[in-house]
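Undergrad: Quick one: the structure is below, questions incoming.
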Amino acid sequence: MTRDSRWPNRNTLWADVFVSELVAQGVSTVCIAPGSRSTPLTVAFAEHPEIEVLSHLDERSMGFFALGRAKRTGEPVPVLSTSGTATANFHPAVIEANQARVPLLVLTADRPPELRDSGANQTIDQNKLYGSAVRWYHELPEPEANGRKLRSLRVTVARALAASTGTPPGPVHLNVPFRKPLEPTPVSGDVPDDIADSEPLGATGRDGPFVHTEQGRPVLDDSTVDRIADALATERGLVVAGPSTTLDASAIAALAEATGFPICADPLSGLRFGPHRADALVCGGYDSYLDADAWPAPEVVIRVGASPTSKVLRQYLRRSVRESGTRQFVVDPAGEWREATFVASDLLVADPNRLARTLAERVETSASDEWRDHFAAAERRSRQLVDDASDEQFFEGTVLRDVFADAPDPATVFLSNSMPVRDADRFGAPRDAGLTVLGNRGASGIDGILSSGLGAGSATDEPLVVVVGDVAYYHDMNGLLALSRCDVDATIVLLDNDGGGIFRLLPIAEFDSVFEQFATPHGLDFAPTGELYGFEFVRADGRESFRDAYRASLDSAGTQVIELSFDAERSHRFRDDVQKRVLDEFNE
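In this note's numbering, the protein residues as written are -8 to 579.
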């Protein structure tokens, strides 16, 4: 019998089985940061005809790129690195994936176990490197042409993907040790000539996945659902949708329509934008009016998704419970506590989409017309006041308003943390357009924003818009290499206020003697990044200039970065003034 040339040594066999099982389980894309120790897996990925390989030179950027792609698709994305400090650079993305419940398969190549704690070059302790931030950790055994080990390898792949997409989804870490030769160099006697015949289950697997995993979602019993439906039979109720990539907009809207409750829809909830708005009152201006002195409290709140971005909304919910006894249901399929004011009265361990549809069939419209009309009128009036202010002064809030108003249908929009996501919350008006709005609100860092946005864009043919502040842009300029290496086009809106101004919102801003340690001015000119990474860099100097450049970019091939410069302190003063105008009117 002639030797099977597919497997010149045990490492190539091991890696081929690993990759083929990933593909059989439905994985179609891998993100790789090149390195030596991961060579067997890199070769297997590169040679498999059914998997797309995306490559990046920077592990931190690659980790966030994979994260963004997984956020956009909702499917696990493998990300591969060599051993040593390369693995540590995935950690920030792993933390975000954990906090934001994003399926991610982190593959770290490693050196043979005997080299650990020996001073061997590029050898660190990678065992449980990411601690409690992963849903599951497993170190693979050393490669061997053994039927039982190969079957175990296939089962491990199935378990890892199931863990990453479970309840809740999140990152999984597989540590994969290899000893030399790492290349597909023939090693006599390493792989039996007849292994495909003698160990077919391990070597070649089954037709389809080696293990089919079916996962259920928690469901409440009928009597509990009836009690919740009875509790929702009130005149003043509210649906609050926080950041999420898994909420079914039509299901949540069906519940809101059935009860008559308004929806306070976070820009990252998946509910602020889309055709479901025809069936429910979707509110996006609440950050402007809910802290008005006489704004009435709801009698009941049903909350889905993560904690809302809006501090005004969070405080309103807390105040309503403490002062008015509002009953607040928090729905979480994993049964985790995602309400940091600790005032919610009920935790419902259930799939929010299925529960919403079930409740919609059992409740009757009970919300008063006065309550609903109060929100509808507030939405109209607050939006008018905000639009008037945007016409009066061009500031970052105006940009976010126009980003959403002028975005094509459909489009993917990725928002940076700090002020961009807050301005999106306050100034991004709901639309019927199919906008997928994403952000890294799990841990709310500003690292990896560009990479996450480009990763999201790599998963769709829709136009991609990334809105980023200057400090976040600086943090992740390496991520811009993905534009060419991963063939992604984007419209990047760069809000440059020389270091941002988020700390000006905190009490430390009152302490002039030390505030310079918190301010982050940099004085950098970002225009050369266009030449460095091969895109068009455009400076806009006003609202019409921005809107023209924005629309032109969305209609153009390639990538354009549109930079707008602002005075952070002046913008904060104007935000405060706009808020005062809204509150003055509603307080009257």
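Even for Gly, the Cβ is constructed at its ideal location relative to N, Cα and C. If you're wondering where the values come from, they're calculated on a predicted model, not measured in any experiment.
For E87 versus N408, is the C-beta spacing smaller than 8 angstroms?
TA: For E87 and N408, no; Cβs fall outside 8 angstroms.
Undergrad: Y541 to V394, Cα distance in whole Å?
TA: Going by the C-alpha atoms only, they are around 8 angstroms apart.
Undergrad: Please tell me whether P234 and G296 are closer than 8 angstroms, where the distance is taken between their beta carbons.
TA: Closer than 8 angstroms, so yes.
Undergrad: By a C-beta neighbour count over all protein chains shown, 10 Å radius and 16 as the cutoff for buried, is Q306 buried or exposed?
TA: Result: exposed.
Undergrad: Going by C-alpha distance, which of Y121, T511, I254, F81 is nearest S559?
TA: In the sequence as displayed, the identity of residue 559 is Ala instead of Ser. Ranking Y121, T511, I254, F81 by Cα distance to A559 puts T511 first.
Undergrad: Taking a contact to mean a Cβ-Cβ separation below 8 angstroms, would you say D337 touches V312 in this structure?
TA: No. Outside cutoff.
Undergrad: For T332, which residues of its own chain have a beta-carbon under 6 angstroms away from its beta-carbon, when the five flanking residues on both sides are left out?
TA: Once the five neighbours on either side are set aside, the close Cβ partners of T332 are R309.
Undergrad: With 16 as the cutoff for other CB atoms within 10 Å, does E290 come out buried or exposed?
TA: Classification of E290: buried, given that the 10 Å Cβ count is 16 or more.
Undergrad: Would you mind stating whether V97 and V146 have Cβ atoms separated by less than 8 angstroms?
TA: Not in contact: V97 and V146 (Cβ atoms no closer than 8 angstroms).
Undergrad: Whole-angstrom Cβ separation of D101 and S143, contact assumed at under 8 angstroms?
TA: Their Cβ separation, rounded to whole angstroms, is 18 angstroms, which puts D101 and S143 out of contact at 8 angstroms.
Undergrad: Where does W328 land, buried or exposed, given buried means 16+ other C-beta within 10 angstroms?
TA: That one is exposed.
Undergrad: Report the three-state DSSP secondary structure of P69 (helix, strand or coil).
TA: Looking at P69 - three-state DSSP - the assignment turns out to be strand.
Undergrad: For the alpha helix (DSSP H) holding E560, just list the boundary residues, first then last.
TA: Per DSSP, E560 belongs to the alpha helix (DSSP H) from 559 to 578.
Undergrad: In the DSSP assignment, what residue or residues form a beta bridge with I254?
TA: According to DSSP, I254 bridges with V230, V273.
Undergrad: Taking Q113 as the reference, give the member of A37, R28, A154 with the closest Cα.
TA: Looking at the Cα atoms, R28 is the closest of the given residues.
Undergrad: Quick one: what does DSSP say R(-6) is sitting in, helix, strand or coil?
TA: Note that R(-6) scores 43 on pLDDT, short of 50, meaning its location in the model is unreliable and no value can be drawn from it.
Undergrad: State yes or no: is the C-beta of A415 nearer than 7 angstroms to some heavy atom of the ligand FAD?
TA: Looking for the ligand FAD in the displayed structure turns up nothing, as the structure carries no ligands at all.
Undergrad: From G196 to V182, what does the alpha carbon distance come to, in whole angstroms?
TA: Using only the alpha carbons, I get a separation of about 17 angstroms.
Undergrad: Report the residue ranges of all beta strand (DSSP E) runs contained in full by the segment 143 to 215; include only those spanning at least 3 residues, in chain order.
TA: Within the segment 143 to 215, the complete beta strand (DSSP E) runs of at least 3 residues are 162 to 168.
Undergrad: Suppose the cutoff is 6 angstroms on Cβ atoms and the five residues either side in sequence are ignored; what does the same chain contact list for A380 look like?
TA: These residues qualify, in order along the chain: V569.
Undergrad: In three-state terms, what does DSSP make of R613?
TA: Given a span of -8 to 579 for the chain in the structure shown, any question on residue 613 remains unanswerable.
Undergrad: Out of I42, S(-4), G26, which one is the CA nearest neighbour of F9?
TA: Taking only the C-alpha atoms, the option nearest F9 is I42.
Undergrad: Out of curiosity, what's the CA-to-CA distance linking A153 and L32?
TA: When rounded, the distance between both Cα atoms is 21 angstroms.
Undergrad: So, are the CB atoms of S155 and L95 less than 8 angstroms apart?
TA: Taking 8 angstroms as the Cβ cut-off, S155 and L95 qualify as a contacting pair.
Undergrad: In the DSSP assignment, the alpha helix (DSSP H) including E361 goes from what residue to what residue?
TA: Start and end: 360 to 383.
Undergrad: Taking 8 angstroms as the cut-off, does the segment 514 to 524 touch the segment 459 to 479 (at least 3 CB pairs, one atom from each stretch)?
TA: Verdict: yes, contact present.
Undergrad: Please tell me whether F405 and G444 are closer than 8 angstroms, where the distance is taken between their beta carbons.
TA: In contact: F405 and G444 (Cβ atoms closer than 8 angstroms).
Undergrad: If we ignore side chains and look at the alpha-carbon of each, how far apart do A447 and T403 end up?
TA: If I take the Cα positions, the gap works out to 8 angstroms.
Undergrad: If contacts are defined as beta-carbon pairs under 8 angstroms, then L262 and A242 qualify, I think. What distance do you get, rounded to the angstrom?
TA: Going by Cβ atoms, the distance from L262 to A242 rounds to 10 angstroms, so no, they are not a contact pair.
Undergrad: Report, in whole angstroms, the separation of the C-beta atoms of V586 and P253, which I expect to be a contact under 8 angstroms.
TA: For residue 586 there is no data in the structure shown, the boundaries of the chain being -8 and 579.
Undergrad: Which residue wins for smallest C-alpha separation from L486, given the options D539, V552, D452, R422?
TA: Ranking the options by Cα distance to L486, first place goes to V552.
Undergrad: Out of curiosity, what's the CA-to-CA distance linking R561 and H513?
TA: Between R561 and H513, the C-alpha separation is close to 18 angstroms.
Undergrad: Count the other C-beta atoms from every protein chain shown that fall within 10 angstroms of the C-beta of A111, then say buried if there are 16 or more, exposed otherwise.
TA: It counts as exposed.
Undergrad: Alpha carbon to alpha carbon, what distance is there between V167 and E130?
TA: Rounded to the nearest angstrom, the two C-alpha atoms are 6 angstroms apart.
Undergrad: Mind checking whether A57 and A35 have CB atoms under 8 angstroms apart?
TA: Taking 8 angstroms as the Cβ cut-off, A57 and A35 do not qualify as a contacting pair.
Undergrad: In this structure, how does DSSP classify F528 when only helix, strand and coil are distinguished?
TA: If DSSP states are grouped into helix, strand and coil, F528 belongs with the strands.
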